[in-house]
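K.L.:
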Amino acid sequence: MINYLNKIRKNIIDLLIICTCCCPINLYADWELVGSEYLSDGYKECLELVFSNGIPYVVFAEQLTSPEMSGISVMKLENNHWTYVGQPGFAGNFYDNVGAVGMSFSNDTPYVYFRDDEYDGKASVLKFDGANWVSVGPRGFSDSAIAFGNIVVSEGVPFVVFRDYYEVPTNFAIKVMKFDGMNWVYVGNPEINSPSNFPALFFFNDTAFVTYMDNNNSGRAGIKKFNGNNWVNVGNQGFNNCELSGTSINMSFLHYRAS
0 MINYLNKIRK NIIDLLIICT CCCPINLYAD WELVGSEYLS DGYKECLELV
50 FSNGIPYVVF AEQLTSPEMS GISVMKLENN HWTYVGQPGF AGNFYDNVGA
100 VGMSFSNDTP YVYFRDDEYD GKASVLKFDG ANWVSVGPRG FSDSAIAFGN
150 IVVSEGVPFV VFRDYYEVPT NFAIKVMKFD GMNWVYVGNP EINSPSNFPA
200 LFFFNDTAFV TYMDNNNSGR AGIKKFNGNN WVNVGNQGFN NCELSGTSIN
250 MSFLHYRAS
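Reminder that position 172 of the sequence shown reads as 171 in numbering that gives the first Met the number 0, one-by-one numbering, no gaps.
(1) Answer yes if the stretch 134-148 comes into contact with the stretch 193-210, meaning at least three C-beta pairs across the two stretches below 8 Å, and no otherwise.
(2) When the Cα atoms are used, what is the spatial distance from C21 to N192?
(3) Considering M176, what are the terminal residues of the beta strand (DSSP E) in which it resides?
(4) In whole angstroms, what separates the C-alpha of R114 from that of A28?
(5) Go through the stretch 97-150 residue by residue and report every complete run of the beta strand (DSSP E) that reaches 3 residues or more, in order.
(6) In terms of alpha-carbon separation, which member of T210, G227, N229, N226 lies closest to Q236?
(7) Tell me where the beta strand (DSSP E) around W183 begins and ends.
(8) Looking only at its own chain, which residues have a Cβ that is under 7 Å from the Cβ of V231, when we skip the five neighbours before and after it?
(9) So, does the stretch 102-112 touch the stretch 151-164, judging by three or more C-beta pairs under 8 Å?
(10) Check whether the Cβ atoms of V159 and V124 lie closer than 8 Å to each other.
(11) State the start and end residues of the unbroken beta strand (DSSP E) segment that holds N276.
(12) From the DSSP output, in three-state form, read off N92 for me.
(13) Out of curiosity, what's the CA-to-CA distance linking N170 and P189?
(14) Does chain D have any CB closer than 8 Å to the CB of E44?
(15) Using CA coordinates, which residue listed in N215, F178, Q86 is at the minimum distance from N320?
(16) Counting C-beta neighbours from all protein chains within 10 Å, is the total for G218 16 or more, i.e. buried, or is it exposed?
(17) Need the endpoints of the beta strand (DSSP E) that D163 sits in, please.
(18) Kindly indicate which three-state DSSP category N215 falls into: helix, strand or coil?
(19) Just verifying my parser: in three-state terms, what is the DSSP assignment at C22?
(20) Please state if the CB of V167 and the CB of K177 are separated by a distance shorter than 8 Å.
(21) In this structure, what does DSSP give as the bridge partners for P194?
(22) Relative to the C-alpha of D179, which residue among A220, G136, D128, G227 is closest?
(23) Measuring CA to CA, which of N229, G98, M212, Y56 is closest to E44?
(24) First and last residue of the beta strand (DSSP E) that includes E77?
(25) Do you know offhand how far N229's Cα is from M74's?
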């Protein structure tokens, strides 16, 4: 199903809506393994695949044999083998990530966003300095515990989007923050939309867009963009015809999983 948004200023953003349904799909080509069959031992969840200069990286939460090592890990494909980037399980907690794991690159430097159980489930961002994962600004910088979301580094500036974990006091609000070189600060109005779920952030022509599940519209899709001062609607909200259970936005396409 293809939905076309109204013309926004001089640009038209076409949204291709892809619904994942429980129906058989015939594939006419085989999938080949990239590297070894398994990334490593241990149970994993919340995997995200990101490329930097043609090299695939994967960030995930994993449960390792040693409890103190269980948490967020990053691996990359090197000589057809998956190898850890820095220490395995370098931060976070396998049991309490609530989908809040993401990665982005700036000049080949990986940045990782996650729910930090060492700071009451608040948001933290680390980057790899070539030897270790180091904090970008203070850890646990969000006002309260977070869920879901992702990170995007745009023009060298890290941005994160997330949903408040608790209903009180913000009613599951979506928020966007950026690192100003010293601290993490809100981008525009702190509460973009509430109640909401599954936020995803993307930049197009230097403009930030956020898509989400809008509980004010029966769990359908909503999209807003930042106009330099505030977050404003992009076209009609709740424009698709089914409830979402996940979203991602890339260039001019919005992908979501239908419930």
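Idealized CB from N, CA, C, for every residue including glycine. All figures in this text were calculated on a predicted structure; none of them were measured in a lab.
P.N.:
Answer, in terms of the structure:
(1) With a cut-off of 8 Å on Cβ pairs, the stretch 193-210 is in contact with the stretch 134-148, counting three or more such pairs.
(2) A caution first: C21 carries a pLDDT of 38, below 50, which makes its placement in the model too unreliable to give a value.
(3) Note, M176: beta strand (DSSP E), 173-178.
(4) Going from the Cα of R114 to the Cα of A28 covers about 38 Å.
(5) DSSP runs (the beta strand (DSSP E)) wholly in the stretch 97-150: 100-105, 108-115, 121-127, 132-134.
(6) Per the Cα distances, T210.
(7) Start and end: 183-185.
(8) The answer, listed in chain order, is K223, K224.
(9) Contact between the stretch 102-112 and the stretch 151-164 is present: 3 or more CB-CB pairs across the two stretches fall below 8 Å.
(10) The criterion of a C-beta distance shorter than 8 Å is satisfied by V159 and V124.
(11) This structure cannot settle anything about residue 276, because the visible part of the chain is limited to 0 through 258.
(12) Reduced to three states, the DSSP call for N92 is coil.
(13) Pairing N170 with P189, the inter-Cα distance amounts to about 13 Å.
(14) Protein chain content of the structure displayed is limited to a single chain, and chain D is not contained in it.
(15) Residue numbering for the chain in the displayed model covers 0 to 258; residue 320 lies beyond these limits and cannot be assessed.
(16) Buried is the call here.
(17) Run containing D163: 156-163, per the beta strand (DSSP E) assignment.
(18) Helix at N215.
(19) Here the model assigns C22 a pLDDT of 41, short of 50, so the residue's position is not dependable, and the following value carries that caveat. If DSSP states are grouped into helix, strand and coil, C22 belongs with coil.
(20) Not a contact, by the Cβ cut-off of 8 Å.
(21) DSSP, once it has assigned bridges, lists no residue as partnering P194.
(22) Nearest option by C-alpha distance: G136.
(23) Nearest C-alpha to E44: G98.
(24) Under the DSSP assignment, E77 falls in the beta strand (DSSP E) whose first and last residues are 70-77.
(25) About 37 Å.
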